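Encoded as structure tokens, the structure appears first; notes follow it.
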Amino acid sequence: MTDEVPGEVTDAAPYGSEPETSDSLKAFGEVVKAFRRRAGLTQEQFAPMVGYSVPTIASIEQGRRLPSADFVERAERVLDAFGVIRAAAKHLARKPGLASWFRQWAKLEAEAVTLYTYENRLVPGLLQTPAYARTIFGERIPALDDDEVETRIAARAERKKLLTDRPHTIFSFIIEEHVLRRQTGGSEAMREQITHILDICARRNIDLQIMPQSRGHHAGLDGPMRLLETPENRWYAYSEGQENGLLIPDSKVVSILQKRYARMRAQALSVEDSVSLLREIRGAL
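Residue 26 is where the sequence shown starts when you use this note's numbering, and the numbers rise one by one after that.
Here it is, written out as structure tokens:
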């Protein structure tokens, strides 16, 4: 965990969610491509050897996708790259598709042992299906071009691996009922989204609770929040607005948000009742 954690994570560029350009990702892609060709492998041959799809390999080699740590290690081993691929990965400067003001949180999130999320606007990114994410990004103002949409969907898919790759991390989600009743992307897309939530939340380390519309007041009315615990048992919070995000390391503020989240867990439907309501909503679509 880095010690350089500022209070506010901002971006000077317009529309702070735009990923900044960098040659480091393209350079890394060229390094991988050079060693792949040195080994006499096509992308189609290389992909199954490292356990990634051909489109993913192509995106990494073209500098459009940030490689995971797992990919770096597998590519290094498979291509016998003398440590060059591993060394090149240390100089990667950006995560395409992630807002610049979100990246510090994403870095902490990737190592978290506990992760809590409350949302009152949309389905949390970690739970979104590709169809749901495509609607969110496709309808964004100002409009994104096709490549930007695909980059962001890929980045979201990469983040979602946290739910399956970290079985010992405790995940808790509280979502407002109206978010799940809103037919984002149409009834079919929302039915698929709810089915995905039901499937992923069947895992023992993942709890989902719905804050019912009938609850007139609850502890989270100040807005969405995220809380996480690091392997060193330090807690951070994160709050997000229209075009900015705030990483909160202040233990006093984090403690207040923890208390609010704890109260919301008592105010929301139980996990069992939330599953029943999800099935009810899905059946009505």
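Ideal placement from N, C-alpha and C gives every residue a C-beta, glycine not left out. As the structure is a prediction and not an experimental result, all values here were calculated from the model.
- In the structure shown, the three-state DSSP call for alanine 72 is helix.
- Contact annotation: the stretch 208 to 218 does not touch the stretch 176 to 188, with fewer than three C-beta pairs closer than 8 Å.
- Nearest in C-alpha terms to isoleucine 85, of all of Arg159, Ala64, Glu265 and Ala113, is Ala113.
- Pairing serine 264 with glycine 245 gives a Cβ-Cβ distance that is not under 8 Å.
- The beta-carbon distance between leucine 282 and isoleucine 235, rounded to whole angstroms, is 20 Å. This is too long to meet the 8 Å contact definition.
- Nearest to glutamate 136 by C-alpha distance, out of Ile82, Leu253 and Phe71, is Leu253.
- If only complete runs of 4 or more residues are kept, the stretch 179 to 250 shows the alpha helix (DSSP H) at 187 to 190, 202 to 206 and 212 to 225, in order along the chain.
- In the DSSP assignment, leucine 294 falls outside any alpha helix (DSSP H) and carries neither an H nor an E.
- Here methionine 289 is near histidine 243, since their CB atoms are less than 8 Å apart.
- Under the rule that a run must span 4 or more residues, no alpha helix (DSSP H) segment is found entirely inside the stretch 244 to 288.
- Taking 8 Å as the cut-off, the beta carbon of tyrosine 141 is found closer than this to the beta carbon of serine 197.
- As the crow flies, the alpha-carbon of histidine 203 is around 21 Å from that of isoleucine 231.
- Bounds of the beta strand (DSSP E) holding threonine 139 are 139 to 144.
- Here the C-alpha atom of leucine 188 lies approximately 17 Å from the C-alpha atom of valine 296.
- Cβ atoms of glycine 65 and arginine 99 stay farther apart than 8 Å, at about 18 Å.
- If the five residues before and after isoleucine 222 are omitted, its C-beta is found closer than 7 Å to the C-beta atoms of Leu152, Leu233 and Leu303, all from its own chain and listed in chain order.
- By the criterion of a C-beta distance shorter than 8 Å, alanine 293 is surrounded in its chain by Ile199, Gln234, Ile235, Met236, Pro237, Arg240, His243 and Ser299, once the five residues flanking it on both sides are discounted.
- Cβ neighbours of leucine 169 within its own chain (closer than 8 Å, five residues either side excluded): Phe162, Gly163 and Arg177.
- Under the DSSP assignment, glycine 54 falls in the alpha helix (DSSP H) whose first and last residues are 48 to 63.
- Taking C-beta separations shorter than 6 Å and ignoring five residues to either side along the sequence, the partners of leucine 272 in its chain run Val34, Gln129, Trp130 and Tyr263, following chain order.
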